[in-house]
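Asks: Dropping the structure in here first, questions after.
Residue numbers (full-length UniProt numbering): 1 to 287.
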């Protein structure tokens, strides 16, 4: 039940290839990308007795089941919202009150990826994540919830304006390390970042495959995972999104980044796709 596609978002998915090869998942197209800036520290909604929170099949993620289902993460900083998202308080069987934050897929490509029915999510409890293109921390905050106090999120953002919000949020979340640098120059923050399990990249640049590869070379463990969000018109506005996605997958392969799965992000993010794969996989693992 917890692993089913969330009915609240009316998602349809299908897997097109066998295990061990690139899996492409697509959905019905349509919808619009919701715009707006994250909001700081707003009061969320209190819990309802009619809401039940159950674990998602991916560790660190949950489903709030009520009149409609929604994706949520357990709030590391109780009482605080990051971008105006609603909060849900529930009482477990032991009488402990737990707060969850609703995860809006229109504001987060990672949230849309999970709701979209991706087969594998390498980010989980205790993971060490390098997040490229952290912006003001909307998705970073949910990754912080996912990995929990035993995990760590290195959040890289080049824009000083966005980084101010990111840095302020990190003051209340000890598992986030904000880094104000250019993701194209990983040598500038090599003294701040340890070896990581996963790289998540949302940089929307024509050379984003190369950016992921450079950072993987510096920080990603052998056979570690990467997740890259691709915005087609930021790579090549003259080609079809499908052609752009195929070209980016080919670039990743040439950089020792073996793609395992591809997912379109419609209807939450138009002309976007996510590619999930592994870096420097041994031959016996790559088969």
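Ideal placement from N, C-alpha and C gives every residue a C-beta, glycine not left out. Note that this is a predicted model, so its numbers are computed, not measured.
(1) For residue 216 versus residue 256, is the C-beta distance shorter than 9 Å?
(2) Name the residue from 74, 282, 266 and 212 whose alpha carbon lies nearest to the alpha carbon of residue 249.
(3) Starting from residue 160, follow its DSSP beta bridges and name the residues at the other end.
(4) My guess is that residue 142 and residue 110 are in contact by the Cβ rule of under 8 Å, so how many angstroms apart are they, rounded?
(5) For a test of the three-state rule: what should DSSP assign to residue 189, helix, strand or coil?
(6) Using 8 Å for Cβ pairs, my map puts residue 121 next to residue 114. What's the rounded Cβ distance?
(7) Could you check the C-alpha separation between residue 224 and residue 151 for me, to the nearest Å?
(8) Give the secondary structure of residue 69 by DSSP, where H, G and I count as helix, E and B as strand, and everything else as coil.
(9) From the DSSP output, in three-state form, read off residue 89 for me.
(10) Can you tell me whether residue 278 is buried or exposed, with buried defined as 16 or more other CB within 10 angstroms of its CB?
(11) If you reduce the DSSP assignment to three classes, tell me which class residue 102 lands in.
(12) Spatial neighbours of residue 271 within its chain, please: CB distance less than 8 Å, with the 5 preceding and 5 following residues excluded, ordered by chain position.
(13) Might you give, ordered along the chain, the residues of its own chain that have their beta carbon closer than 7 Å to the beta carbon of residue 281, omitting 5 neighbours on each side?
(14) Looking only at its chain, what residues have a beta carbon closer than 6 Å to the beta carbon of residue 252, apart from the 5 residues adjacent to it on each side?
(15) Which residue marks the beginning of the alpha helix (DSSP H) containing residue 219, and which one marks its end?
(16) What residue range is occupied by the uninterrupted alpha helix (DSSP H) comprising residue 241?
(17) Considering only their Cβ atoms, is the gap separating residue 200 from residue 179 smaller than 9 Å?
(18) Considering residue 235, what are the terminal residues of the alpha helix (DSSP H) in which it resides?
(19) Can you give the beta carbon distance from residue 131 to residue 147, rounded, assuming they're within the 8 Å contact cut?
(20) Would you mind reading off the limits of the alpha helix (DSSP H) that contains residue 109?
(21) Can you give the Cα-Cα distance for residue 69 and residue 236, rounded to whole angstroms?
(22) For the candidate residues 273, 103 and 119, whose alpha-carbon lies nearest to that of residue 140?
(23) Just to confirm my understanding: we take residue 125, look at its own chain, exclude 5 residues before and 5 after, and list those with CB closer than 8 Å. What are they?
(24) Quick check on DSSP: helix, strand or coil for residue 143?
(25) Can you grab the Cα-Cα spacing for the pair residue 246 / residue 56, in whole Å?
Replies: With the structure as the only source:
(1) yes
(2) 212
(3) Answer is none; residue 160 lacks a bridge partner.
(4) Cβ-Cβ separation between residue 142 and residue 110: approximately 7 Å, consistent with a contact (criterion under 8 Å).
(5) helix
(6) Yes, they are in contact, since the Cβ atoms of residue 121 and residue 114 sit about 6 Å apart, within 8 Å.
(7) Roughly 15 Å separates the two Cα atoms.
(8) strand
(9) strand
(10) buried
(11) Here residue 102 sits in strand by DSSP.
(12) 231, 232, 233 and 241
(13) 223 and 258
(14) 209 and 259
(15) 208 to 219
(16) 241 to 254
(17) no
(18) 232 to 235
(19) Rounded, the Cβ-Cβ distance is 11 Å, inconsistent with contact.
(20) 109 to 115
(21) Rounded to the nearest whole angstrom, the C-alpha separation of residue 69 and residue 236 is 36 Å.
(22) 103
(23) 59, 60, 146, 147, 148, 150 and 151
(24) helix
(25) Taken atom to atom, the span from the alpha-carbon of residue 246 to that of residue 56 is near 30 Å.
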